[in-house]
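Undergrad:
Number of protein chains: 2
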Amino acid sequence: MTETINQTPTRTRTNDARLRQRARAVIPGGMYGHMSANALPPEYPQFYQRSEGSHVWDVDGNEYVDFMCSFGPIILGHKHPKVEAAAAAQLADGDTQAGPAACMVEAAELLVDRVAHADWAMFAKNGTDATTTCLTIARAATGRAKVLAAAGAYHGAAPWCTLRMDGVTPEDRANIAYYTFNDIASVRRALDEAGGAAAAIIVSPFKHDAGFDEEMVDPQFARELRALCDRTGAALIMDEVRTGFRLHDGGSWEPIGVAPDLSAWSKAIANGYPIAAILGSAAFSEAASSIFVTGSFWFQAVPMAAAVATITAIREEGAVAAMQRTGTMLRDGIERQAAEAGVQISLTGPPAMPNLKFPADEDLAKGKAFCGTVVEHGVIIHPRHNWFLSAAHTDRDVERALEATWAGFQAVRARFGED
Amino acid sequence: MTETINQTPTRTRTNDARLRQRARAVIPGGMYGHMSANALPPEYPQFYQRSEGSHVWDVDGNEYVDFMCSFGPIILGHKHPKVEAAAAAQLADGDTQAGPAACMVEAAELLVDRVAHADWAMFAKNGTDATTTCLTIARAATGRAKVLAAAGAYHGAAPWCTLRMDGVTPEDRANIAYYTFNDIASVRRALDEAGGAAAAIIVSPFKHDAGFDEEMVDPQFARELRALCDRTGAALIMDEVRTGFRLHDGGSWEPIGVAPDLSAWSKAIANGYPIAAILGSAAFSEAASSIFVTGSFWFQAVPMAAAVATITAIREEGAVAAMQRTGTMLRDGIERQAAEAGVQISLTGPPAMPNLKFPADEDLAKGKAFCGTVVEHGVIIHPRHNWFLSAAHTDRDVERALEATWAGFQAVRARFGED
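Note that the protein sequences, when read in sequence, are chains A and B.
All residue numbers for the first sequence refer to my numbering, where the first residue is 2 and numbers rise by one.
All residue numbers for the second sequence refer to my numbering, where the first residue is 2 and numbers rise by one.
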């Protein structure tokens, strides 16, 4: 690991370039959303050919160890045999049918069994569907409109919460007030400004805003948030969309003993099959049944069968411990390399969802130089967004990642000098 | 057909009853959304086992000819060989990957080829994603907030458009103004009330509000709507979510020569695989690339591969003409039966998406008696929502439907007498 890797592999990108050109003619900007490579270094492919376990191949046949896991959905590795078998069996029967299949009830029962605060479940498609539905249920239950959210937190891409204000009206945000994560005084202030009462306070299990250091929750903050909700009658909504089942095989705050009233899930719960879930406590069941939310594909059976298999495998195969172990190996290795290379880094967050920043790197110049080199060496990570471990990552995958990150640190040092 | 069918088939429903009981313990109200059987006659199953072509089987093994097509998504019949082959091939490569697959570009190119007004495409999951994104693009393009929508029209289940106001705040609707479908004077009035300018006018190709007679668009209304948008700078948004590719294998207003600026698609474009699309003209491309919308599963490859196969097959197999033909057979048969039975009905809408109402049946007592009997005779239709034909429906399916509807009319006459 102390040896500099000078030799940059040469990866062909002609198919990707051709597809990008065709895409620019028929897709605004050529691509959009969180998977757009437009703002990423040129070493990143935009289009992918296939995926297997912890590895992905781009449209030019280049192989990568993938530490983004499709931005979260892949938690057991691509094509996990039990998940694929369950999905295939359900698909052979039916998927988008005249109504739900029996596996809808099984998926709801399993989530209620696994997530301590949950007495019931509803299903949707997008994480945004789940967070938005939690707000609607809280408003129906309380008769109030205001919702408190942490400034800068990502809760989806609907007008009330999307990252950019283009096309968003002031009215879309009129009922959202903002507090600072881990700062209970800021919550009290926001609550006071909202007239002392809110429909809900929405919070992520830890702070994972793209472009910023991650910050674990202060257990005292979590407990005071719960107490504040109890005192004022606001629903405590936990946004588990990104975190769900990566920190714990139940709710993410169960280890610290704080239960939300409602929680929003998606991404990892069916190992890549499209599903979201809204979980809630009994007190919110009546409000949940009073609202009207639905979607043409919300009762698709295949993702529900995949969810049952995924959630079962997460516990049976010790996925959380596995991600914790390989994530720790990766983190420790990167920290050793940074020290050895004389490059300052800020590596934050839980081992299964690490985030790497270079201090004072506002334009991401260092981050992009680092990540571009890492991708060129066959490992997918991200310069702004947290990475994701899956239970399919092996020691050898981590070793390959560390070969690539070592090359990345050399590139940063060559271009920016030692810190 | 003139003979009364007295003998009611006895269909076992024990598995369905058991699942409903389990569901009530873990799902608010036991079920929610458009596929809930809670408000339907007791003859309807809630849970389904499998689907094939135009037929579905409930969890007790009862077979039905399905004239709801999963509320629209199934347009070629369940398990269309070419769609399933395309989906399976893509699934073998990868589905929710590190980025989109090449088929995203192919799907965008195909939609741009088929839909006359479209110069570009974006993809999402829900119909609601597509309609909401159209509004956001129109607002980003115009810098205006107000959107005009037809009173009573269904454009999705987000707070700005959902059917019930539980949990919806006044601010969610503050920028929506309402006009009457096919009444251009009402559009002008709504526009005047909005200060003479709006970001967009959203319209469905025809009026298909659940619980009401369907109403085809007056071509003059469509043309004047287009002219009004041109004069005021509002975007004309067409909601094709329910109608798309059932009336025409391009945009639904192409036969009358009126082009929208933006259109929202979902349901039938991938024959049951979960996808939505936003299509737009070149003038709105820059605004479309300025907004931030995304979702964890929006770049799933399998539904895009299925969309390419579905849209191709719709034209190659003459799906629109097939639905028109069998839908006309069904409509003519039902009208003959109603006259013969001496029961007044209102059967409206295009043959591929008919809607049946009994006049002065506000509590749906006749509709439910009719539909309950029809379901008991092995045919799925709906007492409030329009039905859907697919290209898989055969003459024999229509004959079976007419046997069931004849029994339905006998049940209505037996219970309510002749009109």
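Backbone N, C-alpha and C define an ideal beta-carbon position, used for all residues, glycine too.
Please name the residue in A:A342, A:D398, A:R416 and A:G418 whose C-alpha comes closest to that of A:E64.
TA: For A:E64, the nearest C-alpha among the options comes from A:D398.
Undergrad: Please classify A:T11: is it buried, with 16 or more other beta-carbons within 10 angstroms of its beta-carbon, or exposed?
TA: A:T11 comes out exposed.
Undergrad: Kindly indicate the opening and closing residues of the beta strand (DSSP E) around B:N63.
TA: Segment: none, B:N63 is in no beta strand (DSSP E) and carries neither H nor E.
Undergrad: Can you list, in chain order, the stretches of the beta strand (DSSP E) that have 3 or more residues and sit fully within the region 223-282 of chain B?
TA: For the region 223-282 of chain B, whole beta strand (DSSP E) runs of length 3 or above, ordered along the chain, are 236-240, 263-266 and 277-281.
Undergrad: If distances are taken between C-alpha atoms only, which option among A:V27, A:D240, A:A191 and A:A93 comes closest to A:D210?
TA: When each option's Cα is compared against that of A:D210, the closest is A:D240.
Undergrad: Please work out which residues of its chain come closer than 6 Å, Cβ to Cβ, to B:V57, disregarding the five sequence neighbours upstream and downstream, and give them in chain order.
TA: Contacts found: Y49, Y65 and D67.
Undergrad: On the three-state DSSP scale, how would you describe A:A158?
TA: Residue state, collapsed to three classes: coil.
Undergrad: Can you tell which of B:S52, B:G95, B:R224 and B:S267 has the C-alpha that lies nearest to the C-alpha of B:N127?
TA: It is B:S267 whose Cα lies nearest to the Cα of B:N127.
Undergrad: DSSP three-state label for B:Q204, please.
TA: First, the amino acid is wrong: residue 204 of chain B is Val here, not Gln. Strand at B:V204.
Undergrad: Should the region 285-303 of chain A be regarded as contacting the region 164-171 of chain B, the criterion being three or more beta carbon pairs within less than 8 Å?
TA: Enough Cβ pairs lie closer than 8 Å, so yes.
Undergrad: Can you tell me whether DSSP reads A:A86 as helix, strand or coil?
TA: It is helical.
Undergrad: Where does the unbroken alpha helix (DSSP H) through A:R140 begin, and where does it stop?
TA: Its alpha helix (DSSP H) spans residues G128 to T143.
Undergrad: Distance cutoff 8 Å, beta carbons only. Does B:N176 sit that close to anything in chain A?
TA: With 8 Å as the cut-off, B:N176 counts as an interface residue toward chain A.
Undergrad: Please go through the region 286-368 of chain B and give each complete alpha helix (DSSP H) segment of 4 or more residues, from N-terminal end onward.
TA: Complete alpha helix (DSSP H) runs here, min 4: 286-291, 302-317 and 320-342.
Undergrad: For B:T5, count neighbouring C-beta atoms within 10 Å of its own C-beta (all shown protein chains included) and say buried if the count is 16 or more, exposed if not.
TA: Residue placement at B:T5 is flagged as unreliable, the pLDDT there being 42, under the threshold of 50; the coordinate-derived value follows with that caveat. Looking at its Cβ environment, which holds fewer than 16 other Cβ atoms inside 10 Å, B:T5 is exposed.
Undergrad: Do the region 269-280 of chain B and the region 96-107 of chain A touch if we need at least three Cβ pairs shorter than 8 Å?
TA: These segments touch.
Undergrad: For B:G54, which three-state DSSP category applies?
TA: B:G54 falls in the strand class under three-state DSSP.
Undergrad: Rounded to a whole number of angstroms, what is the C-alpha to C-alpha distance between B:M36 and B:C372?
TA: Between B:M36 and B:C372, the C-alpha separation is close to 15 Å.
Undergrad: Looking only at its own chain, which residues have a Cβ that is under 6 Å from the Cβ of A:H394, when we skip the five neighbours before and after it?
TA: For A:H394, where only same-chain residues beyond five positions count, the Cβ hits under 6 Å are S55 and T327.
Undergrad: Quick check on B:N7: buried or exposed, where buried means 16 or more other Cβ atoms within 10 Å of its Cβ?
TA: Model confidence at B:N7 stands at a pLDDT of 42, short of 50, so the residue's coordinates are unreliable; what they give is reported in the following sentence. When all chains shown are included, B:N7 counts as exposed.
Undergrad: Rounded to a whole number of angstroms, what is the C-alpha to C-alpha distance between A:G418 and A:K369?
TA: Computed Cα separation, rounded: 15 Å.
Undergrad: With a threshold of 8 Å between beta-carbons, can B:K126 be considered close to chain A, or not?
TA: Chain A, which has a Cβ nearer than 8 Å to the Cβ of B:K126, makes this yes.
Undergrad: Residues in its own chain within less than 8 Å of B:H249 by CB, not counting five upstream and five downstream?
TA: The residues are E255, P256 and V321.
Undergrad: Cutting at 7 Å between CB atoms, please list the residues of its own chain near B:E215, excluding the five before and the five after it.
TA: F207, K208, H209, T349, G350, N356 and N387.
Undergrad: Going straight from the alpha carbon of A:V116 to that of B:P46, what length do you get?
TA: A:V116 and B:P46: Cα-Cα distance of roughly 30 Å.
Undergrad: Applying the criterion that 16 or more other CB atoms from any shown protein chain within 10 Å of the CB defines a buried residue, is B:P160 buried or exposed?
TA: Its Cβ being crowded by 16 or more others within 10 Å, B:P160 is buried.
Undergrad: Suppose the cutoff is 6 Å on Cβ atoms and the five residues either side in sequence are ignored; what does the same chain contact list for B:P384 look like?
TA: Around B:P384: L365, G368, K369 and C372.
Undergrad: Going by other Cβ atoms of all chains shown within 10 Å of its Cβ, with 16 needed for buried, is B:P43 buried or exposed?
TA: That one is exposed.
Undergrad: Between B:T15 and chain A, is any beta-carbon pair separated by less than 8 Å?
TA: Chain A contact via Cβ: absent.
Undergrad: According to DSSP, simplified to helix, strand and coil, what is B:E377?
TA: Looking at B:E377 - three-state DSSP - the assignment turns out to be helix.
Undergrad: Residues bridged to B:V116 by DSSP?
TA: B:V116 is not bridged to any residue.
Undergrad: Nearest to A:V458 by alpha carbon, out of A:F389, A:R232 and A:V413?
TA: The question about residue 458 of chain A has no answer here: the residues shown for chain A are numbered 2 through 420.
Undergrad: Using three-state DSSP, classify B:E44 as helix, strand or coil.
TA: Three-state result, B:E44: coil.
Undergrad: Within its chain, find whatever has a CB closer than 7 Å to the CB of B:V218; leave out the 5 residues flanking it on each side and keep chain order.
TA: Cβ neighbours of B:V218 beyond the five flanking positions: N183, P206 and F207.
Undergrad: Are the C-beta of A:L164 and some C-beta of chain B separated by less than 8 Å?
TA: Yes, contact with chain B.
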